[in-house]
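Chemist:
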Amino acid sequence: MIEAVKIWNEPNNKSHWDPLLDPDWTIFSRMARLAGAAIRAENPSLTRVLGGISPIDPAFIDRLDRHGALEEVDAVAVHGFPLDWNLWSIEEWPAKLDEIKAVTGKPVWITEVGVSSFGSEEVQAWGVKRTADLLVGRAPRIHWYSLYDLPKTWEATTRHKEAEGSSYYRHFHMGLLREDGAPKPGIDAYRPYAAQMGLCQWFHFEDHRLEEAVGWLKRLGVRHLRTGLSWADSFRPGALNWFDRQMDALAEFDVTVTFCFTPEHRGIQPHHTSPPLEPEEFAVFCANMVRRYAPGTSAAA
2 MIEAVKIWNE
12 PNNKSHWDPL
22 LDPDWTIFSR
32 MARLAGAAIR
42 AENPSLTRVL
52 GGISPIDPAF
62 IDRLDRHGAL
72 EEVDAVAVHG
82 FPLDWNLWSI
92 EEWPAKLDEI
102 KAVTGKPVWI
112 TEVGVSSFGS
122 EEVQAWGVKR
132 TADLLVGRAP
142 RIHWYSLYDL
152 PKTWEATTRH
162 KEAEGSSYYR
172 HFHMGLLRED
182 GAPKPGIDAY
192 RPYAAQMGLC
202 QWFHFEDHRL
212 EEAVGWLKRL
222 GVRHLRTGLS
232 WADSFRPGAL
242 NWFDRQMDAL
252 AEFDVTVTFC
262 FTPEHRGIQP
272 HHTSPPLEPE
282 EFAVFCANMV
292 RRYAPGTSAA
302 A
């Protein structure tokens with residue numbers, strides 16, 4: 002079942018929101034308010050989570066709060082990858098959570114935390130255990146990123162590309178399973194924490210890994226899963242059939258579903274990171290998805 006809805010993903014990261022088009026995040030804040038209100042109107046029992054920020058930046062949360070973006074969310078979220086991209090030590094995780102708690106009274110979720118196996122699969126396995134030791138019990142939800150490596154024939158959702166050297170290629174080695182589904186040592190390190198530390202796995206449109214992923218989630222004993230439904234994908238032929246298939250396959254888990262990505266033809270610029278021409282349209286998408294997959298009691302009746 003869907004237990005929570007995330008409004009966007011990494012809004013302070015240019016890989017997901019273009020700061021040149023919305024330099025003070027006023028458009029994003031209005032969009033978040035509209036989306037949160039639309040979700041609440043459909044199902045007030047759902048937890049509404051502000052898209053996880055990356056990097057972890059209390060000043061950004063404070064900025065959004067001043068713009069009213071937190072008025073229609075129940076929790077905020079952070080993402081951290083200290084062994085790969087962040088300029089801080091893994092031992093600083095508790096302090097990083099405290100920095101966000103100091104600027105908001107809302108619960109702080111960790112909806113992406115991970116370690117790449119780009120340099121060493123053994124380092125990743127160590128990182129799983131150390132992350133769990135540092136974070137389990139400190140946040141209402143923790144989602145390890147991710148179950149699968151990103152296939153090398155796909156493109157990472159980032160604007161850095163190869164110009165960033167190994168930073169780009171680390172995106173392709175975040176999984177506990179290799180691209181072909183073979184397990185890494187990290188899967189055994191993760192297994193004891195599966196009930197407490199959920200997983201984040203993005204499924205691409207008509208992703209061939211969906212059924213196999215569900216099998217792994219069951220064997221591992223995962224309860225909490227984070228995934229996404231793309232606003233941009235909703236305009237593809239057969240989109241609802243794919244969304245139905247995905248959400249049906251994941252129905253037995255406690256799912257946090259992320260609504261994200263601007264359709265090119267509905268953005269100020271034709272890119273998935275662009276603010277939409279009409280923020281109300283994103284709110285309508287959110288409402289439609291909640292009505293379809295997590296209707297409130299009255300709507301279900």
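Our numbering numbers the first residue of the sequence shown as 2 and each following residue consecutively.
Even glycine gets a Cβ: it sits at the ideal position worked out from N, Cα and C.
Alpha carbons only, please: which of Arg131, Pro141, Asn13 is nearest the one belonging to Phe109?
Modeler: The count along the sequence shown starts at 1 and reaches residue 109 at position 108. First, the amino acid is wrong: residue 109 is Val here, not Phe. Measuring from the Cα of Val109, the nearest candidate turns out to be Pro141.
Chemist: Would you report the Cα separation of Pro271 and Cys261, rounded to the nearest angstrom?
Modeler: On the sequence shown, residue 271 is found 270 positions in, with the first residue counted as 1. On the sequence shown, residue 261 is found 260 positions in, with the first residue counted as 1. Approximately 15 angstroms between the Cα atoms of the pair.
Chemist: Out of Ala39, Asn13, Ile91, Asn14, point me to the one whose CA is closest to Val285's CA.
Modeler: As a working note, residue 285 is residue 284 in the sequence shown. Selected option, being the one with the closest Cα: Ala39.
Chemist: Alpha carbon to alpha carbon, how far is Tyr170 from Pro152?
Modeler: The sequence position of residue 170 within the sequence shown is 169, counting from 1. The sequence position of residue 152 within the sequence shown is 151, counting from 1. When rounded, the distance between both Cα atoms is 11 angstroms.
Chemist: Between Glu93, Gln247, Lys185, Asp189, which has its C-alpha nearest Ser121's C-alpha?
Modeler: On the sequence shown, residue 121 is found 120 positions in, with the first residue counted as 1. Residue Lys185 is the option with its Cα nearest to Ser121.
Chemist: Tell me where the alpha helix (DSSP H) around Pro113 begins and ends.
Modeler: Numbered from its first residue, the sequence shown carries residue 113 at position 112. For the sequence presented, residue 113 should be read as Glu rather than Pro. Taken as a continuous stretch (DSSP letters only), Glu113 belongs to no alpha helix (DSSP H), being part of the beta strand (DSSP E) at 109-114.
Chemist: Pairing CB atoms from the region 87-96 with CB atoms from the region 36-54, are three or more of them under 8 angstroms?
Modeler: No, the region 87-96 does not touch the region 36-54.
Chemist: Whole-angstrom Cβ separation of Arg227 and Gly199, contact assumed at under 8 angstroms?
Modeler: Locating residue 227 in the sequence shown gives position 226, counting from the first residue. Locating residue 199 in the sequence shown gives position 198, counting from the first residue. That pair is a contact at about 7 angstroms.
Chemist: Quick check on DSSP: helix, strand or coil for Val50?
Modeler: Position 49 of the sequence shown, counted from the first residue, corresponds to residue 50. Residue state, collapsed to three classes: strand.
Chemist: Relative to the alpha-carbon of Asn13, which residue among Tyr194, Glu73, Phe29 has its alpha-carbon at the smallest distance?
Modeler: Your numbering for residue 13 matches position 12 in the sequence shown. Checking every option, the nearest Cα to that of Asn13 belongs to Phe29.
Chemist: Just how far apart, CA to CA, sit Cys201 and Ile111?
Modeler: Mapped onto the sequence shown, residue 201 falls at position 200. Mapped onto the sequence shown, residue 111 falls at position 110. About 10 angstroms.
Chemist: Can you check whether the CB of Pro296 is closer than 8 angstroms to the CB of Leu35?
Modeler: Translated into the one-based positions of the sequence shown, residue 35 becomes position 34. Translated into the one-based positions of the sequence shown, residue 296 becomes position 295. Against a cut-off of 8 angstroms, the Cβ pair of Pro296 and Leu35 comes out as no contact.
Chemist: Taking the C-alpha atoms as reference points, what is the distance between Asp377 and Ala195?
Modeler: With the chain represented from 2 up to 302, any question about residue 377 goes unanswered, as that position is not in the structure.
Chemist: Rounded to a whole number of angstroms, what is the C-alpha to C-alpha distance between Leu221 and Pro193?
Modeler: Counting from 1 along the sequence shown, the entry for residue 221 is found at position 220. Counting from 1 along the sequence shown, the entry for residue 193 is found at position 192. Approximately 8 angstroms, taken between the alpha carbons.
Chemist: Compute the Euclidean distance between the alpha carbons of Asp181 and Trp243, then round it to the nearest angstrom.
Modeler: To locate residue 181, count along the sequence shown from 1; it is residue 180. To locate residue 243, count along the sequence shown from 1; it is residue 242. Roughly 22 angstroms separates the two Cα atoms.
Chemist: Per DSSP, Gly81 forms a beta bridge with which residues?
Modeler: Counting from one through the sequence shown, the residue named residue 81 turns up at place 80. Answer by DSSP bridge pairing, in chain order: Val114.
Chemist: Spatial neighbours of Arg31 within its chain, please: C-beta separation below 7 angstroms, excluding the five flanking residues on both sides.
Modeler: What you label residue 31 is simply residue 30 of the sequence shown in a count that begins at 1. Closer than 7 angstroms at Cβ, skipping near neighbours: Pro280.
Chemist: If you draw a straight line from the C-alpha of Ala240 to the C-alpha of Arg292, how long is it?
Modeler: Translated into the one-based positions of the sequence shown, residue 240 becomes position 239. Translated into the one-based positions of the sequence shown, residue 292 becomes position 291. If you take the alpha carbons of Ala240 and Arg292, they lie about 16 angstroms apart.
Chemist: What do you get for Asp249, buried or exposed, if any count of 16 or more other CB atoms within 10 angstroms of its CB means buried?
Modeler: For the purposes of this step, residue 249 is taken as the residue at position 248 of the sequence shown. Label assigned to Asp249: exposed.
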